[in-house]
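Residue numbers (UniProt numbering): 1 to 252. Where is the CB? At the ideal position from N, CA and C, for every residue including glycine. Bear in mind that the values here come from a model prediction, so they are computed numbers and not experimental data. Contents: one structure, followed by commentary.
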Amino acid sequence: MQTPVLEIVNLCKRFGDRTAVDDVSLRVPAGSFFGLVGPNGAGKTTTLSMAVGLLRPDSGTVRVEGLDVWADPVAARSRLGVLPDGLALPERLTGRELLTYLGRLRGLAPRVAAGRADELLAILDLAGADRTLVIDYSTGMRKKIGLAAALLHGPSLLVLDEPFEAVDPVSALTIRAMLRQFIAIGGTVVLSSHVMATVEQLCDHVAVVHRGRIAAAGPLDRVRAGATLEERLVELVGADLDLTRSPSWLVS
């Protein structure tokens with residue numbers, strides 16, 4: 001069996017009395033576009049944070065291309081490009097300075113880092129804001145510069161938490177095209193999203209997370225089981241929806 005690009009085995013995390021991630025295991029095949037979906041508070045962000053080495057698990061292992069994220073962090077993370085939830089950036093740098101600085105931290109030669117920064121800024125429509133401080137960027141612009149930073153060193157695996165949140169429709173089309181090209185050249189993408197239509201358009205594999213566990217995982221069509229992904233998610237999480245309810249003061 002081919003070694004998965006990302007392998008999560010029996011991952012657990014508790015915060016006090018609450019179990020956020022409960023024995024989660026996932027295998028992400030090479031070259032796949034893998035979507036992680038589920039209701040708010042399901043454990044998606046906690047799972048991804050542990051998968052990329054930002055949050056230490058209570059138990060379990062994570063391997064990137066066979067490298068243990070916690071036992072061999074430098075080698076494992078060199079393969080990773082990460083856009084985390086609640087992205088914190090050096091806000092007193094300009095967009096160009098940020099990418100150049102991160103490129104140098106990644107060991108890129110100055111000319112290579114500058115050239116890649118130029119290309120990414122142009123593709124993501126940030127060239128006009130390359131000398132603007134990151135603190136003055138909008139939420140959508142921060143998402144785009146964060147994605148640029150994740151791609152800068154040429155990773156083989158991208159892990160993106162809500163990459164389209166607050167991004168305008170034109171930029172979203174650009175990002176989708178870029179991610180598809182990344183897959184086409186042999187990369188792998190894992191993303192979380194609350195927008196089921198986006199996941200269905202982009203992803204060929206999906207996992208549904210509910211109450212810290214995997215409710216279903218596999219190829220998209222198998223998980224959907226003849227329904228839309230939204231319908232299947234509602235079924236899997238056991239949501240009892242009453243769409244007729246409304247605040248009493250809004251009902252005539």
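Original post:
In three-state DSSP terms, what is aspartate 22?
Top reply: Position 22 of the sequence shown holds residue 22. Three-state DSSP puts aspartate 22 in a strand.
Original post:
What did DSSP end up calling alanine 215 once you bin it into helix, strand or coil?
Top reply: By one-based count along the sequence shown, residue 215 stands at place 215. Correct three-state label for alanine 215: strand.
**OP:** Provide the residue(s) that pair with arginine 27 in DSSP beta bridges, ordered along the chain.
**Re:** Here residue 27 corresponds to residue number 27 of the sequence shown, with the count starting at 1. Bridge partners of arginine 27: Glu7.
Subject >> Residues that DSSP places opposite phenylalanine 164 in a beta bridge >> reply: What you label residue 164 is simply residue 164 of the sequence shown in a count that begins at 1. In DSSP, phenylalanine 164 forms no bridge with anything.
**OP:** Look at the alpha carbon of histidine 30 and the alpha carbon of arginine 180, and state the distance between them as a whole number of angstroms.
**Re:** Your numbering for residue 30 matches position 30 in the sequence shown. Your numbering for residue 180 matches position 180 in the sequence shown. Contrary to the premise, residue 30 reads as alanine rather than histidine in this sequence. Cα-Cα distance, rounded: 14 Å.
Subject >> Which of helix, strand or coil DSSP assigns to aspartate 136 >> reply: Counting from 1 along the sequence shown, the entry for residue 136 is found at position 136. In this structure, aspartate 136 counts as helix in the three-state DSSP scheme.
Original post:
DSSP state of alanine 207, grouped into three classes?
Top reply: In the sequence shown, residue 207 corresponds to position 207, counting from 1. Strand.
Subject >> Buried versus exposed, by CB contacts within 10 Å (16 or more), leucine 173 >> reply: For the purposes of this step, residue 173 is identified with residue 173 of the sequence shown, where counting begins at 1. Under this definition leucine 173 is an exposed residue.
Subject >> Buried or exposed by the 16-neighbour rule on C-beta atoms within 10 Å, applied to threonine 46 >> reply: As a first step, residue 46 is located in the sequence shown; it is residue number 46 there, counting from the start. Threonine 46 comes out buried.
Original post:
Below 7 Å between beta carbons: does that hold for serine 192 and leucine 36?
Top reply: Position 192 of the sequence shown, counted from the start, is the residue given in the question as residue 192. Position 36 of the sequence shown, counted from the start, is the residue given in the question as residue 36. Their beta carbons are under 7 Å apart, which means serine 192 touches leucine 36 by this criterion.
**OP:** Compute the beta-carbon to beta-carbon distance between arginine 14 and aspartate 58, rounded to the nearest angstrom, for a pair I have assumed lies under 8 Å.
**Re:** Along the sequence shown, read from residue 1 onward, the residue named residue 14 stands at position 14. Along the sequence shown, read from residue 1 onward, the residue named residue 58 stands at position 58. 6 Å between Cβ atoms; contact.
Subject >> Three-state secondary structure (DSSP) of threonine 188 >> reply: Numbered from its first residue, the sequence shown carries residue 188 at position 188. Three-state result, threonine 188: strand.
**OP:** Output the distance between the C-alpha atoms of valine 74 and valine 64, rounded to the nearest integer angstrom.
**Re:** Counting from 1 along the sequence shown, the entry for residue 74 is found at position 74. Counting from 1 along the sequence shown, the entry for residue 64 is found at position 64. One C-alpha to the other measures close to 11 Å.
Subject >> Range covered by the beta strand (DSSP E) that runs through threonine 61 >> reply: Against the sequence shown, residue 61 aligns to sequence position 61. Per DSSP, threonine 61 belongs to the beta strand (DSSP E) from 59–64.
**OP:** Report the partner residues of valine 159 according to the DSSP bridge assignment.
**Re:** As a working mapping, residue 159 is identified with position 159 in the sequence shown. Looking at the DSSP assignment, valine 159 forms a beta bridge with Val82 and Val190.
Original post:
Using the C-alpha atoms, what's the distance from isoleucine 123 back to residue 255?
Top reply: Coverage of the chain is limited to positions 1 through 252, which leaves residue 255 absent and any answer about it impossible.
Subject >> Range covered by the alpha helix (DSSP H) that runs through glycine 103 >> reply: Residue 103 sits at position 103 when you count from the first residue of the sequence shown. Where glycine 103 is concerned, the enclosing alpha helix (DSSP H) stretches over 95–105.
Original post:
Among Cys12, Arg27 and Val28, which residue has its Cα nearest to the Cα of valine 21?
Top reply: The count along the sequence shown starts at 1 and reaches residue 21 at position 21. That would be Cys12, whose Cα lies nearest to the Cα of valine 21.
Original post:
In terms of alpha-carbon separation, which member of Arg79, Arg77, Asp130 and Asp85 lies closest to leucine 98?
Top reply: Reading the sequence shown from its first residue, position 98 is the one you call residue 98. The shortest C-alpha separation from leucine 98 is found at Asp130.
Subject >> Beta-carbon gap between glycine 218 and leucine 152 smaller than 7 Å >> reply: The count along the sequence shown starts at 1 and reaches residue 218 at position 218. The count along the sequence shown starts at 1 and reaches residue 152 at position 152. Their beta carbons are not under 7 Å apart, which means glycine 218 does not touch leucine 152 by this criterion.
**OP:** Using three-state DSSP, classify arginine 14 as helix, strand or coil.
**Re:** Here residue 14 corresponds to residue number 14 of the sequence shown, with the count starting at 1. Note: arginine 14 maps to strand in three-state DSSP.
**OP:** Give the DSSP bridge partners of glutamate 35, in chain order.
**Re:** Along the sequence shown, read from residue 1 onward, the residue named residue 35 stands at position 35. Glutamate is not the amino acid found at residue 35; the sequence shown has glycine there. Partner(s): Leu191 and Val206.
Original post:
To the nearest angstrom, how far is it from the Cα of proline 4 to the Cα of valine 28?
Top reply: The residue you call residue 4 lines up with position 4 of the sequence shown. The residue you call residue 28 lines up with position 28 of the sequence shown. If I take the Cα positions, the gap works out to 5 Å.
**OP:** Would you mind stating whether histidine 205 and glycine 38 have Cβ atoms separated by less than 7 Å?
**Re:** Here residue 205 is taken as the residue at index 205 of the sequence shown, counted from 1. Here residue 38 is taken as the residue at index 38 of the sequence shown, counted from 1. Contact flag unset, no.
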